[in-house]
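Residue 100 in the working numbering is what sits at position 96 of the sequence shown, and the numbering runs on without skipping anything.
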Amino acid sequence: MIGHKVITFDEVSSTNDLAKEFCNEVDSNGIVILANKQNKGRGRFERRWHSSDIGGVYLSIILAATLINFDPKLLPLIAAYAVSKTIEQISDIKTFIKWPNDVIVNNKKVSGVLVEKYKNFYIVGIGVNLNNRKENFPIDIKEKATSLFIEGGKVYNKEIFLKDFFSSFESVLESFNSLDLIKEIKKKSYTLGKNVNIKVADKNIFGKVIDFANDGSLLIESTDGKIEYINSGEIVDVN
Ligand code: BTN
Numbered sequence: 005m006i007g008h009k010v011i012t013f014d015e016v017s018s019t020n021d022l023a024k025e026f027c028n029e030v031d032s033n034g035i036v037i038l039a040n041k042q043n044k045g046r047g048r049f050e051r052r053w054h055s056s057d058i059g060g061v062y063l064s065i066i067l068a069a070t071l072i073n074f075d076p077k078l079l080p081l082i083a084a085y086a087v088s089k090t091i092e093q094i095s096d097i098k099t100f101i102k103w104p105n106d107v108i109v110n111n112k113k114v115s116g117v118l119v120e121k122y123k124n125f126y127i128v129g130i131g132v133n134l135n136n137r138k139e140n141f142p143i144d145i146k147e148k149a150t151s152l153f154i155e156g157g158k159v160y161n162k163e164i165f166l167k168d169f170f171s172s173f174e175s176v177l178e179s180f181n182s183l184d185l186i187k188e189i190k191k192k193s194y195t196l197g198k199n200v201n202i203k204v205a206d207k208n209i210f211g212k213v214i215d216f217a218n219d220g221s222l223l224i225e226s227t228d229g230k231i232e233y234i235n236s237g238e239i240v241d242v243n
C-alpha cells in the first residue's frame with residue numbers, strides 16, 4: 005500500500021537520496037519519504053528543484069521492481085497523472101500533463117517527477133508546488149513555475165493532498181491498463197496536436213505531436229514528414 009509508512013523529515017538533502025536508505029526494510033514497497041524542505045532537491049538532467057519553500061511537497065515513493073507489472077518507463081507519466089487527478093480532486097484548477105513528467109497549470113509548471121532505479125527498486129520522486137509563494141520562487145523560474153496557492157488563491161491542506169494522492173497513485177498502479185492510461189493521458193495532454201521542439205540527447209526534433217504509444221513514448225510527425233517515436237527527451241518549446 006502506498007504510504008503505509010510515511011517517514012517525515014524537516015530538512016533533507018534530497019528525498020530521492022534518503023529513500024535509498026529505506027530500501028532494505030521488509031516492507032520497503034510503498035514507503036514514502038517526505039520532507040518539509042530539501043537543500044539538494046534534484047530534477048531531471050541534473051537540474052536543481054527549488055525546495056526551500058515549506059509550502060512545497062517533496063516526497064519519494066519506494067516501489068519494488070518485482071511488483072511492477074508494466075513497462076517502468078511509464079512510471080513518470082503515471083505519477084504525473086496521479087498528481088494531476090489529485091489537484092483536480094481538491095481544487096477547481098485545470099491541469100495538463102506535459103510529457104513525460106510535468107504537470108502544467110495555466111501554461112506553467114506545478115509539479116515534476118524524477119524516477120530513479122536503485123537496486124531492485126524504483127524511487128519515484130515527486131515535487132508539487134502546493135502552497136509556494138511567488139516571491140519565494142528563484143528568479144529563473146518565476147515566470148515558468150506556479151503553485152496551487154497562486155492559481156487557486158487559497159492555502160491547500162497538505163495532509164488531504166497527500167492522502168488523495170497516495171490513493172490515486174495506488175489505484176492507477178493496481179488497476180493498471182495501458183490503453184486506459186494512454187487514453188487519459190491524451191485527454192490531459194498539454195502537447196497533443198501542437199508543434200513542439202524536443203531535445204533528444206544532443207539533437208533537436210521539430211514536429212507535431214500526433215499520438216502516444218502504449219509504452220508512453222511520444223509520436224511526432226517531424227517537419228520533414230517522418231514519424232518519430234520518442235521514448236526519452238525533453239520538450240523545450242510548444243506552439
Ligand atoms: C523535474 O521536473 O525535473 C523533476 C523534479 C522532481 C523533484 C522531486 S522533489 C522530491 C524528490 N527529491 C528530489 O531531489 N527530487 C524529487
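A virtual CB, placed ideally from N, CA and C, is assigned to each residue, including glycine.
As an exercise, report each continuous alpha helix (DSSP H) stretch of at least 4 residues that is fully enclosed by the stretch 143-211, in chain order.
152-156, 162-178, 182-191
Return the Cβ separation of Lys-192 and Thr-99 in integer angstroms, given the expectation that the two are a contact with Cβ distance under 8 Å.
On the sequence shown, residue 192 is found 188 positions in, with the first residue counted as 1. On the sequence shown, residue 99 is found 95 positions in, with the first residue counted as 1. About 7 Å separates the beta carbon of Lys-192 from that of Thr-99, a gap short enough to meet the 8 Å contact definition.
Need the endpoints of the alpha helix (DSSP H) that Glu-248 sits in, please.
As displayed, the chain neither begins before 5 nor continues past 243, which places residue 248 out of reach and without an answer.
Please determine whether the Cβ atom of Asn-28 lies at a distance below 7 Å from any heavy atom of the ligand BTN.
Here residue 28 corresponds to residue number 24 of the sequence shown, with the count starting at 1. False, no ligand heavy atom lies under 7 Å from that Cβ.
Look up Glu-225 in the DSSP assignment and give the residues it is bridged to.
Here residue 225 corresponds to residue number 221 of the sequence shown, with the count starting at 1. Among the bridge pairs identified by DSSP, Glu-225 is matched with Lys-212, Ile-231.
Give the single residue among Lys-146, Ile-11, Lys-121, Ile-97 whose Cα lies nearest to the Cα of Ala-68.
As a first step, residue 68 must be located in the sequence shown, where it is residue number 64. Ala-68 has its Cα closest to that of Lys-121, out of Lys-146, Ile-11, Lys-121, Ile-97.
Please report the straight-line C-alpha distance between Phe-216 and Leu-222, rounded to a whole angstrom.
Counting from one through the sequence shown, the residue named residue 216 turns up at place 212. Counting from one through the sequence shown, the residue named residue 222 turns up at place 218. Between Phe-216 and Leu-222, the C-alpha separation is close to 5 Å.
Measuring CB to CB, does Lys-102 end up less than 8 Å from Tyr-194?
Here residue 102 refers to the residue found at position 98 when the sequence shown is read from its first residue. Here residue 194 refers to the residue found at position 190 when the sequence shown is read from its first residue. Against a cut-off of 8 Å, the Cβ pair of Tyr-194 and Lys-102 comes out as a contact.
Does the stretch 137-150 come within contact of the stretch 81-88, defined as at least 3 CB pairs closer than 8 Å?
no
Let me confirm a value: Tyr-233 is counted as buried when at least 16 other C-beta atoms fall within 10 Å, else exposed. Which label applies?
Residue numbering aside, residue 233 sits at position 229 when the sequence shown is read from its first letter. By the neighbour-count criterion, in which a residue is buried when 16 or more other Cβ atoms sit within 10 angstroms of its Cβ, Tyr-233 is exposed.
Expressed to the nearest angstrom, what Euclidean distance is found between the alpha-carbon atoms of Gly-131 and Ser-172?
As a first step, residue 131 is located in the sequence shown; it is residue number 127 there, counting from the start. As a first step, residue 172 is located in the sequence shown; it is residue number 168 there, counting from the start. Straight through space, the alpha carbons of Ser-172 and Gly-131 are spaced by roughly 16 Å.
Closer than 5 Å between the C-beta and any heavy atom of the ligand BTN: which residues qualify, listed along the chain?
Ser-18, Thr-19, Asn-20, Gly-45, Arg-46, Gly-47, Arg-48, Trp-53, Tyr-62, Gly-116, Leu-118, Gly-129, Gly-131
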